[in-house]
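Chemist:
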Amino acid sequence: MPQPIRLKDHERDARQVRQRVIVGAVAVVLLTCVLIARLYYLQVIQYEHHSTLSENNRVHVQPIPPTRGLIFDRNGVIVADNRPSFSLTVTRERAGDWRQILDVIVEVLQLTPDDRALFEKRMKQGRRPFEPVPILFELTEDQIARVAVNQFRLPGVEVAAQLVRHYPQGAHFAHSVGYVGRINEKELKQLDPINYSGTHHIGKTGIERFYEDQLHGEVGYEEVETNARGRVLRVLKRTDPKPGKDLVLTLDVRLQEAAEEALAGRRGAIVAIEPSTGDVLAMVSQPSFDPNPFVTGISFKAYAELRDSIDRPLYNRVLRGLYPPGSTVKPMVAVSGLDAGVVTPVSRVFDPGFYQLPNYAHKYRNWNRSGDGWVNLETAIMRSNDTYFYDLAHKMGIDRLHEYMSRFGFGQRVALDMFEESAGLMPSREWKRARYRQAWYPGETLILGIGQGYMQSTPLQLAQATALMANRGKWIRPHLAKTIEGRPPVDPNPLPDIVLRDPKFWDYGRIGMEQVVHGARGTARKVGDTSVYRIAGKSGTAQVVAIKQGEKYDRSKVQERHRDHALFVAFAPAEDPKIAVAVMVENGESGSGVAAPVVKQVMDAWLLGEDGQLKPEFRPPQPLAEQQSANR
Numbered sequence: 001m002p003q004p005i006r007l008k009d010h011e012r013d014a015r016q017v018r019q020r021v022i023v024g025a026v027a028v029v030l031l032t033c034v035l036i037a038r039l040y041y042l043q044v045i046q047y048e049h050h051s052t053l054s055e056n057n058r059v060h061v062q063p064i065p066p067t068r069g070l071i072f073d074r075n076g077v078i079v080a081d082n083r084p085s086f087s088l089t090v091t092r093e094r095a096g097d098w099r100q101i102l103d104v105i106v107e108v109l110q111l112t113p114d115d116r117a118l119f120e121k122r123m124k125q126g127r128r129p130f131e132p133v134p135i136l137f138e139l140t141e142d143q144i145a146r147v148a149v150n151q152f153r154l155p156g157v158e159v160a161a162q163l164v165r166h167y168p169q170g171a172h173f174a175h176s177v178g179y180v181g182r183i184n185e186k187e188l189k190q191l192d193p194i195n196y197s198g199t200h201h202i203g204k205t206g207i208e209r210f211y212e213d214q215l216h217g218e219v220g221y222e223e224v225e226t227n228a229r230g231r232v233l234r235v236l237k238r239t240d241p242k243p244g245k246d247l248v249l250t251l252d253v254r255l256q257e258a259a260e261e262a263l264a265g266r267r268g269a270i271v272a273i274e275p276s277t278g279d280v281l282a283m284v285s286q287p288s289f290d291p292n293p294f295v296t297g298i299s300f301k302a303y304a305e306l307r308d309s310i311d312r313p314l315y316n317r318v319l320r321g322l323y324p325p326g327s328t329v330k331p332m333v334a335v336s337g338l339d340a341g342v343v344t345p346v347s348r349v350f351d352p353g354f355y356q357l358p359n360y361a362h363k364y365r366n367w368n369r370s371g372d373g374w375v376n377l378e379t380a381i382m383r384s385n386d387t388y389f390y391d392l393a394h395k396m397g398i399d400r401l402h403e404y405m406s407r408f409g410f411g412q413r414v415a416l417d418m419f420e421e422s423a424g425l426m427p428s429r430e431w432k433r434a435r436y437r438q439a440w441y442p443g444e445t446l447i448l449g450i451g452q453g454y455m456q457s458t459p460l461q462l463a464q465a466t467a468l469m470a471n472r473g474k475w476i477r478p479h480l481a482k483t484i485e486g487r488p489p490v491d492p493n494p495l496p497d498i499v500l501r502d503p504k505f506w507d508y509g510r511i512g513m514e515q516v517v518h519g520a521r522g523t524a525r526k527v528g529d530t531s532v533y534r535i536a537g538k539s540g541t542a543q544v545v546a547i548k549q550g551e552k553y554d555r556s557k558v559q560e561r562h563r564d565h566a567l568f569v570a571f572a573p574a575e576d577p578k579i580a581v582a583v584m585v586e587n588g589e590s591g592s593g594v595a596a597p598v599v600k601q602v603m604d605a606w607l608l609g610e611d612g613q614l615k616p617e618f619r620p621p622q623p624l625a626e627q628q629s630a631n632r
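Heads up: the sequence shown is residues 1 to 632, going by our numbering.
Below is the structure:
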């Protein structure tokens, strides 16, 4: 049966449509209100915040590293300057996969895997992703052209011009001036991140490190407008950096070269000091090295050759080399004995060629096995008589010996501005008990009296002790900086002068040192025979390997690097000292035969003019009667 046809309810449909329209309109109005409210919040309430973010997308603050201060020798010869150089930089933020970019750089510039490893190491040391990191320095014109041609393959890579540290004197001042190198992670944590923004190098050794704060300067800034790719469009504001302070050293380039020539390629160290001021005139540690490759990054192979060399060119023998001072300390021991009251200038000791402690059979040999007979203080210094100083050390005892020698600077750092300096070792009862858990034995005091045994000193300490003899105990710390921006350095912790009971005690020690060079039986009389001025000196020999009781030193049976070290210390002119010198020649064997001529050559270079006579400024003043006679 067919269903009946129902008529459509148009009224109901119309009502549903109206309801839906109303709901839709309400929804649109609500959403529009939400949108307007959001726009109001962003545009009005958070206007300052988003305005700043927008500005940061357009304006960047870039650090401007300061120019490092220059370093000159005492005569104005430049020893450390800054020269322009083109470097290759990579900005990680713009480079994307920077490791892949490094591969492209190595391919384009035809570099080695070692270079690639070095580049990655430098990239990891980069502090901020938006800062360019220099990875390759001193680009050649060919390398710059290759980078330009392949720029489309190298996003974030740019060629930048910058000033790079340069040492025109090369190896001459590598151990005194030092060098700068790239900032490592450990140093980065200790530096001021603001003042070192944009700076990639820092002083690593020597003067460069000690005076880093003065040489570095203060960072500057500039606000630059950039496009979407980060390219700078214009500079909006600039604050110039403050360059580092210039430094004038006490060193003399000509004397430094003369000292190196005197050493003649042998391993050793030379220190020359002006006693009246503490100025270090020359500071030589041989062999040396060229510091320039360390600035831009030395290769692994080149560094390994320096590090592994048996001659240790990286080792600063002047400041870190520890050697038994040998007989060079005998004048200081003699003065100490006089002041302690255990001997007098005329006290004598009989030398049969050895010394024995009471109730002991062991013989402590003199270098002259046949003995020197009766010797007093002056003769003992002149002849470097071991027996006399064995007896003197025994009378003083370890406690007083330690006290006096410490006042001469042994066992402590003596320099004002040399951070690498070792304190050396001046042993004592307490030191041995703490180090070996043993008591101090009388025989050890005897050996200490001739500068052997546990005692170790640096060539700088020997030079300073010699300067103290020249100054009659007046303490002036040796220093390398003469002026910083025209101002001399100040010693924040001056050491007390050595004041003796009788100032004449200094004269007895100095006269003995003069006799070493000018006496008829002096150990270095050959040097005195050719000198036009009076020299006060003392030779020394430091054992490298021990010799058994009763045996004699036979150089033919000892390997070259196991032979004794040769030492000599001196000041001149003896009556008015202008220079004090300490020389150590490794395995040189003879202090008077090898080291003494080196000292003489250094002194001649400083004191003598072209005519072979003392320079006018070094000549002792004439008595008034002689001046009047010369004027007439």
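Yeah, the Cβ is synthetic: ideal placement off N, Cα and C, and Gly gets one too.
(1) How about PRO66 and THR277: are their beta carbons less than 9 Å apart?
(2) Measuring straight from C-alpha to C-alpha, what distance separates GLN286 and ALA269?
(3) Return yes when the Cβ of LYS237 is within less than 9 Å of the Cβ of GLU223, no when it is not.
(4) Between the C-alpha atoms of GLU575 and ARG534, what's the straight-line distance to the nearest angstrom?
(5) In this structure, how does DSSP classify SER629 when only helix, strand and coil are distinguished?
(6) I'd like to check one pair, MET396 with TYR388: are the Cβ atoms closer than 9 Å?
(7) Among PHE419, GLN110, ILE71 and PRO132, which residue has its Cα nearest to the Cα of TRP98?
(8) Expressed to the nearest angstrom, what Euclidean distance is found between the alpha-carbon atoms of VAL414 and ILE194?
(9) With respect to the beta strand (DSSP E) encompassing GLN162, which residues constitute its N-terminal and C-terminal limits?
(10) Around the C-beta of VAL17, are 16 or more other C-beta atoms found within 10 angstroms, so that it is buried, or is it exposed?
(11) For a test of the three-state rule: what should DSSP assign to GLN286, helix, strand or coil?
(12) My guess is that HIS394 and LEU357 are in contact by the Cβ rule of under 8 Å, so how many angstroms apart are they, rounded?
(13) Would you decide whether PRO496 is buried or exposed? Buried here means 16 or more other CB atoms lie within 10 Å of its CB.
(14) How many whole angstroms separate the CB atoms of THR523 and SER592, which I take to be in contact at a CB cut-off of 8 Å?
(15) Pairs of beta-carbons, one from the stretch 330–342 and one from the stretch 504–520, closer than 8 Å: are there three or more?
(16) To the nearest angstrom, how far is the alpha carbon of VAL295 from that of ASP142?
(17) Here's a check: name, in chain order, each residue in its chain whose Cβ is nearer than 6 Å to the Cβ of VAL594, leaving out the five neighbours to either side.
(18) Does the distance from the C-beta atom of ALA262 to that of ALA605 stay below 9 Å?
(19) Give me the Cα-Cα distance between ASP417 and GLY265, rounded to the nearest whole angstrom.
(20) With a Cβ-Cβ cutoff of 9 Å, do GLU185 and LEU319 count as a contact?
(21) Less than 9 Å separating the beta-carbons of TYR167 and ASP252?
(22) Under 8 Å by Cβ, that's how I've got VAL568 and GLY612 pegged, so tell me the actual separation to the nearest angstrom.
(23) On the criterion of 16 or more Cβ atoms from any shown chain inside 10 Å, does TYR41 qualify as buried, or is it exposed?
(24) So, using beta-carbon positions, are GLU120 and LEU136 closer together than 9 Å?
(25) Taking the DSSP output, what are the residues bridged to TYR221?
(26) Is it true that the CB of VAL157 sits closer than 9 Å to the CB of VAL90?
(27) Spatial neighbours of ARG234 within its chain, please: C-beta separation below 8 Å, excluding the five flanking residues on both sides.
(28) Whose C-beta lies closer than 8 Å to the C-beta of VAL532 among residues of the same chain, with five residues either side of it excluded?
(29) Checking 9 Å against the spacing of the C-beta atoms, do PRO620 and ALA467 come in under that value?
Modeler: Walking through what the data contain:
(1) As a first step, residue 66 is located in the sequence shown; it is residue number 66 there, counting from the start. As a first step, residue 277 is located in the sequence shown; it is residue number 277 there, counting from the start. It is not a contact, given that the beta carbons lie outside the stated cut-off.
(2) In the sequence shown, the residue the question calls residue 286 occupies position 286. In the sequence shown, the residue the question calls residue 269 occupies position 269. Near 6 Å, if we compare the C-alpha coordinates of ALA269 and GLN286.
(3) As a working note, residue 223 is residue 223 in the sequence shown. As a working note, residue 237 is residue 237 in the sequence shown. Closer than 9 Å, so yes.
(4) As a first step, residue 575 is located in the sequence shown; it is residue number 575 there, counting from the start. As a first step, residue 534 is located in the sequence shown; it is residue number 534 there, counting from the start. The alpha-carbon atoms of GLU575 and ARG534 are separated by roughly 7 Å.
(5) Reading the sequence shown from its first residue, position 629 is the one you call residue 629. For SER629, the predicted model reports a pLDDT of 48, less than 50, meaning its position is unreliable; a value from the coordinates is still stated below. If DSSP states are grouped into helix, strand and coil, SER629 belongs with the helices.
(6) Within the sequence shown, the letter at position 388 stands for residue 388. Within the sequence shown, the letter at position 396 stands for residue 396. No, the Cβ-Cβ distance between TYR388 and MET396 is not below 9 Å.
(7) As a first step, residue 98 is located in the sequence shown; it is residue number 98 there, counting from the start. The candidate whose alpha carbon is nearest that of TRP98 is PRO132.
(8) Taking the first residue of the sequence shown as 1, we reach residue 414 at position 414. Taking the first residue of the sequence shown as 1, we reach residue 194 at position 194. Rounded to the nearest angstrom, the two C-alpha atoms are 34 Å apart.
(9) For this step, residue 162 is matched to residue 162 along the sequence shown. Taken as a continuous stretch (DSSP letters only), the beta strand (DSSP E) holding GLN162 covers 157–166.
(10) Translated into positions along the sequence shown, residue 17 becomes position 17. Counting Cβ neighbours within 10 Å, VAL17 comes out exposed, since fewer than 16 surround it.
(11) Taking the first residue of the sequence shown as 1, we reach residue 286 at position 286. Strand.
(12) Residue numbering aside, residue 394 sits at position 394 when the sequence shown is read from its first letter. Residue numbering aside, residue 357 sits at position 357 when the sequence shown is read from its first letter. Yes, they are in contact, since the Cβ atoms of HIS394 and LEU357 sit about 7 Å apart, within 8 Å.
(13) For the purposes of this step, residue 496 is taken as the residue at position 496 of the sequence shown. The residue is exposed, with fewer than 16 neighbouring Cβ atoms inside 10 Å.
(14) Counting from one through the sequence shown, the residue named residue 523 turns up at place 523. Counting from one through the sequence shown, the residue named residue 592 turns up at place 592. Between SER592 and THR523 the Cβ distance is about 5 Å, and since that is below 8 Å, they are a contact.
(15) In this structure the stretch 330–342 lies against the stretch 504–520, because at least three pairs of beta carbons, one per stretch, are closer than 8 Å.
(16) For this step, residue 295 is matched to residue 295 along the sequence shown. For this step, residue 142 is matched to residue 142 along the sequence shown. A straight line joining the alpha-carbon of VAL295 with that of ASP142 spans about 22 Å.
(17) As a position in the sequence shown, residue 594 is number 594, starting the count at 1. Correct list, in chain order: ALA566, VAL585 and GLY588.
(18) Along the sequence shown, read from residue 1 onward, the residue named residue 262 stands at position 262. Along the sequence shown, read from residue 1 onward, the residue named residue 605 stands at position 605. Yes, they are a contact pair.
(19) The count along the sequence shown starts at 1 and reaches residue 417 at position 417. The count along the sequence shown starts at 1 and reaches residue 265 at position 265. Roughly 27 Å between the two C-alpha positions.
(20) Here residue 185 refers to the residue found at position 185 when the sequence shown is read from its first residue. Here residue 319 refers to the residue found at position 319 when the sequence shown is read from its first residue. Their beta carbons are not under 9 Å apart, which means GLU185 does not touch LEU319 by this criterion.
(21) Indexing the sequence shown from 1 puts residue 167 at position 167. Indexing the sequence shown from 1 puts residue 252 at position 252. It is not a contact, given that the beta carbons lie outside the stated cut-off.
(22) Taking the first residue of the sequence shown as position 1, residue 568 is located at position 568. Taking the first residue of the sequence shown as position 1, residue 612 is located at position 612. Val is not the amino acid found at residue 568; the sequence shown has Phe there. In fact, because the Cβ distance is near 22 Å, the residues do not count as touching under 8 Å.
(23) Position 41 of the sequence shown, counted from the start, is the residue given in the question as residue 41. With fewer than 16 other Cβ atoms within 10 Å, it is exposed.
(24) In the sequence shown, counting from the first residue as 1, residue 120 sits at position 120. In the sequence shown, counting from the first residue as 1, residue 136 sits at position 136. Their beta carbons are not under 9 Å apart, which means GLU120 does not touch LEU136 by this criterion.
(25) Walking along the sequence shown from the start, residue 221 turns up at place 221. Answer by DSSP bridge pairing, in chain order: PRO63 and THR239.
(26) Along the sequence shown, one-based indexing puts residue 90 at 90. Along the sequence shown, one-based indexing puts residue 157 at 157. Cβ distance < 9 Å, so VAL90 and VAL157 count as in contact.
(27) Your numbering for residue 234 matches position 234 in the sequence shown. Closer than 8 Å at the Cβ level, and outside the excluded window around ARG234, lie VAL224 and GLU225.
(28) For the purposes of this step, residue 532 is taken as residue 532 along the sequence shown, with counting starting at 1. Within the same chain, VAL532 has close Cβ partners LEU608, GLY612, GLN613 and LEU614.
(29) Here residue 620 is taken as the residue at index 620 of the sequence shown, counted from 1. Here residue 467 is taken as the residue at index 467 of the sequence shown, counted from 1. In this structure, ALA467 does not lie closer than 9 Å to PRO620 by Cβ.
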